[in-house]
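Residue numbers (our numbering): 2 to 77. The beta carbon of each residue, even a glycine, is placed where N, CA and C say it ideally should be.
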């Protein structure tokens with residue numbers, strides 16, 4: 002799947018101000034990965050919140066019911 006850089010710009014523009022540091026760090030890891038031998042990503046093993054559990058359950062149901070949207074169809 003080919004993703005245009007314009008699509009990435011749109012997503013970045015949608016990021017909440019409180020999440021900009023996280024998004025920056027994630028993008029920086031992707032960019033820097035070619036310059037490092039090993040990228041270390043720590044797992045978040047904290048318990049899920051009730052909201053996260055609800056979202057996960059809804060997502061599992063969407064997948065089970067075939068209610069998915071292809072990325073390319075999103076901008077068609």
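Check whether residue i and residue j have beta carbons under 9 Å apart
i	j	result
residue 24	residue 42	no
residue 68	residue 62	yes
Terminal residues of the alpha helix (DSSP H) in which residue i lies
i	result
residue 29	21–33
residue 75	72–75
Secondary structure of residue i, DSSP reduced to three states
i	result
residue 49	coil
residue 17	coil
residue 68	coil
residue 56	helix
residue 4	coil
residue 43	coil
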